[in-house]
Amino acid sequence: MAKISTNISEAQALLEKGELVAIPTETVYGLAANALNTEAVASIFEAKGRPHFDPLIVHLHDKSQLDVLCQKIPDVFYRLHETFSPGPITYILKKREIIPDLVTSGNDTVGIRFPNHPLTRELLFESGLPLAAPSANPFGYVSPTTAQHVENQLGKRIPYILDGGPCSVGIESTIIDLSSDKLKILRLGGLALEEIEEITGKIEVTTHSSSNPQAPGMLSSHYSPGKKLMIGNIDELLKTHSGKSTAIISLSKTFEGIPIENQKVLSPSGDLKLAAANLFKVLRELDRENIDVILAELMPNIGLGPAINDRLKRAAH
Ligand code: TXA
Ligand code: MG
Numbered sequence: 020m021a022k023i024s025t026n027i028s029e030a031q032a033l034l035e036k037g038e039l040v041a042i043p044t045e046t047v048y049g050l051a052a053n054a055l056n057t058e059a060v061a062s063i064f065e066a067k068g069r070p071h072f073d074p075l076i077v078h079l080h081d082k083s084q085l086d087v088l089c090q091k092i093p094d095v096f097y098r099l100h101e102t103f104s105p106g107p108i109t110y111i112l113k114k115r116e117i118i119p120d121l122v123t124s125g126n127d128t129v130g131i132r133f134p135n136h137p138l139t140r141e142l143l144f145e146s147g148l149p150l151a152a153p154s155a156n157p158f159g160y161v162s163p164t165t166a167q168h169v170e171n172q173l174g175k176r177i178p179y180i181l182d183g184g185p186c187s188v189g190i191e192s193t194i195i196d197l198s199s200d201k202l203k204i205l206r207l208g209g210l211a212l213e214e215i216e217e218i219t220g221k222i223e224v225t226t227h228s229s230s231n232p233q234a235p236g237m238l239s240s241h242y243s244p245g246k247k248l249m250i251g252n253i254d255e256l257l258k259t260h261s262g263k264s265t266a267i268i269s270l271s272k273t274f275e276g277i278p279i280e281n282q283k284v285l286s287p288s289g290d291l292k293l294a295a296a297n298l299f300k301v302l303r304e305l306d307r308e309n310i311d312v313i314l315a316e317l318m319p320n321i322g323l324g325p326a327i328n329d330r331l332k333r334a335a336h
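Just so you know, we're using the numbering used here here: the sequence shown kicks off at 20 and counts up by one.
Have a look at this one:
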């Protein structure tokens with residue numbers, strides 16, 4: 020069992036000793052280590068069972084720390100940073116030597132994020148450390164959005180979980196590649212594409228797959244729960260799955276003939292931000308239920324809809 024608490028100095032002391040601490044962010048919980056301590060970073064991969072070809076995001080308090088870690092930072096970074104950071108966006112930038120290769124899986128770029136959670140911001144400020152942190156789940160499983168989610172799966176492997184309550188955004192950050200002249204979105208996430216495009220103009224979204232070396236971690240099965248999940252029109256799916264014990268994930272509708280406890284409505288008012296905040300919790304709940312198949316509908320193609328759909332499709336893989 021990990022200690023679950025809110026003591027910043029205790030978390031800081033562990034990180035300074037090269038130990039792992041799970042940290043709350045507005046997107047999902049991260050599994051953090053001092054990014055400049057190679058041994059500590061190695062133990063992140065070990066605790067998660069994560070392959071070394073999947074690079075980590077480095078979390079910072081302030082952009083004044085950036086010049087030491089990165090180079091050739093383009094102007095567009097500063098425009099995006101001013102509007103969206105701290106917040107659910109990760110910037111891929113050219114790295115400097117000081118960042119261990121293990122953090123970036125040998126890439127000459129590094130993911131940088133300024134998370135927006137008061138506890139973690141205080142920890143970053145007080146310690147002054149750059150924190151390498153992937154989502155705090157075993158490799159291939161849904162990301163955790165509460166301290167208890169982290170405890171359930173990694174509690175035996177880490178000493179401390181900083182408890183910041185449930186994550187307000189609930190899905191991982193949007194990743195934007197600023198390392199070449201052509202801007203690219205590598206992962207849809209907690210910041211809507213439309214908002215980014217207001218600053219950058221139209222931007223290419225490269226969909227991730229196991230064959231895409233640009234985002235080696237974005238394997239298609241990356242968010243899978245243990246249960247079988249089917250996506251489509253729920254009324255149609257219900258016809259073909261009659262007789263099975265089914266559960267449903269919908270944006271706002273409920274359906275007849277399915278026990279109400281097996282119907283997960285992500286947001287009764289159809290609010291996609293709320294739907295995103297509920298998604299991973301719902302997938303975890305259904306994973307524990309005694310059901311054969313989860314039927315899910317796709318969200319509308321606006322705001323956080325595409326990012327939620329991306330996670331549902333990966334879970335269905
Ligand atoms: O919201 C988030 O981003 C959360 C919180 C904890 O900050 N973190 C997170 O980390 O989702 P992780 O490791 O589960 O996913 C980060 C993904 C990796 O799978 C990898 O594909 C991509 O970011 N990534 C990291 N560094 C990269 C790089 N240099 N080039 C391309 N992709 C990179
Ligand atoms: Mg992850």
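No residue lacks a Cβ here, since even glycine has one placed at the ideal position from N, Cα and C.
Computed from a prediction, not measured in an experiment: that's the story for all the values here.
Start and end of the alpha helix (DSSP H) containing residue i?
i, result
"Thr102", "Asp94 to Phe103"
"Asp120", "Asp120 to Thr123"
"Ile194", "Here Ile194 belongs to no alpha helix (DSSP H); instead the beta strand (DSSP E) covers Thr193 to Asp196."
"Gln31", "Ile27 to Glu35"
"Lys203", "Counting along the chain, Lys203 falls outside any alpha helix (DSSP H), though it belongs to the beta strand (DSSP E) covering Lys203 to Arg206."
"Leu39", "Counting along the chain, Leu39 falls outside any alpha helix (DSSP H), and DSSP gives it neither H nor E."
"Val87", "Leu85 to Leu88"
"Asp329", "Gly324 to Ala335"
"Ile321", "Where Ile321 is concerned, there is no enclosing alpha helix (DSSP H), given that its DSSP letter is neither H nor E."
"Arg307", "Leu291 to Arg307"
"Leu10", "In the structure displayed, the chain extends from 20 to 336; residue 10 sits before or after that span and is not available."
"Ile277", "Premise fails: Ile277 is in no alpha helix (DSSP H) and is neither H nor E."
"His260", "From DSSP, His260 is part of no alpha helix (DSSP H); its letter is neither H nor E."
"Asp168", "The question names Asp, but residue 168 is His in the sequence shown. From DSSP, the alpha helix (DSSP H) with His168 extends over Ala166 to Leu173."
"Val60", "Thr57 to Lys67"
"Pro137", "Pro137 to Ser146"
What distance in whole Å lies between the Cβ atoms of residue j and residue i, which are believed to be in contact at a cut-off of 8 Å?
i, j, result
"Thr139", "Pro43", "6 Å"
"Ile131", "Leu75", "With a Cβ gap of about 11 Å, Ile131 and Leu75 do not count as contacting."
"Leu205", "Met249", "Actually they are not in contact, since the Cβ atoms of Leu205 and Met249 sit about 27 Å apart, beyond 8 Å."
"Val223", "Ala266", "It should be pointed out that residue 223 corresponds to Glu in this sequence rather than to Val. Not a contact, Cβ separation roughly 36 Å."
"Ala317", "Leu291", "Checking the sequence, you will find Leu at residue 317 rather than Ala. Between Leu291 and Leu317 the Cβ distance is about 12 Å, and since that is not below 8 Å, they are no contact."
"Ile108", "Ile195", "6 Å"
"Ala295", "Ala335", "At roughly 17 Å, the Cβ-Cβ gap does not stay under 8 Å, so Ala295 and Ala335 are not in contact."
"Phe72", "Pro105", "29 Å between Cβ atoms; not a contact."
"Ile218", "Leu99", "6 Å"
"Tyr179", "Ala30", "6 Å"
"Lys247", "Phe158", "Not quite, the Cβ-Cβ distance comes to about 20 Å (not below 8 Å), so this is no contact."
"Val47", "Ser162", "4 Å"
"Leu285", "Ile268", "7 Å"
"Ser264", "Ile310", "5 Å"
"Gly37", "Glu58", "6 Å"
"Ala21", "Gly174", "5 Å"
Which residues bound the beta strand (DSSP E) around residue i?
i, result
"Ala266", "Thr265 to Ser269"
"Ala315", "Val312 to Ala315"
"Val47", "First-last for Val47: undefined, no H or E at that position."
For residue i, count the other beta carbons within 10 Å of its own beta carbon; 16 or more makes it buried, fewer makes it exposed. Which is it?
i, result
"Gly236", "With a pLDDT of only 45 at Gly236, under 50, the local geometry of the prediction cannot be trusted, and the value read off the model is given with reservation. That one is buried."
"Asn26", "exposed"
"Asn320", "exposed"
"Phe96", "buried"
"Gly70", "One point to set straight first is that residue 70 is Pro, not Gly, in the sequence displayed. Exposed, since its Cβ has fewer than 16 Cβ neighbours within 10 Å."
"Phe299", "buried"
"Ile279", "exposed"
"Val87", "exposed"
"Phe103", "buried"
"Glu145", "exposed"
"Ser198", "buried"
"Thr273", "exposed"
"Ser271", "exposed"
"Asn252", "exposed"
"Ser192", "buried"
"Leu331", "buried"
"Asp81", "exposed"
"Asp200", "exposed"
"Glu45", "buried"
"Thr12", "Because the chain is modelled from 20 through 336, residue 12 falls outside the range shown and cannot be assessed."
"Gly49", "buried"
"Asp254", "exposed"
Against chain C, does residue i count as a neighbour if the rule is that its beta carbon must be under 9 Å from one of theirs?
i, result
"Val40", "As a matter of chain content, chain C is missing from the structure shown, which is built from one protein chain."
Per DSSP, which one or two residues make a beta bridge with residue i?
i, result
"Ala151", "Ala52 and Val77"
"Arg132", "His78 and Thr109"
"Ser24", "Leu181"
"Leu248", "Ile313"
"Leu283", "The sequence shown places Lys at residue 283, not Leu. Ile268."
"Val338", "Because the chain in this structure spans residues 20 to 336, residue 338 falls outside the shown range and cannot be described."
"Lys414", "Outside the shown range of the chain (20 to 336) lies residue 414, about which nothing can therefore be said."
Query raised in the report: Is there contact between the segment 49–56 and the segment 143–158, where contact requires at least three CB pairs shorter than 8 Å?
Result: Output reads yes: the segment 143–158 touches the segment 49–56.
Q | Cβ contact (3+ pairs, closer than 8 Å) linking the segment 161–180 and the segment 109–120 | A | No, the segment 161–180 is not in contact with the segment 109–120.
Any contact between the segment 76–83 and the segment 170–186? By contact I mean 3 or more CB pairs, one from each, below 8 Å. Contact between the segment 76–83 and the segment 170–186 is absent, because fewer than three Cβ pairs lie under 8 Å.
### Query
Does the segment 118–129 come close enough to the segment 206–217 that 3 or more CB-CB pairs lie under 8 Å?
Counting C-beta pairs closer than 8 Å gives fewer than three between the segment 206–217 and the segment 118–129, which falls short of the contact rule.
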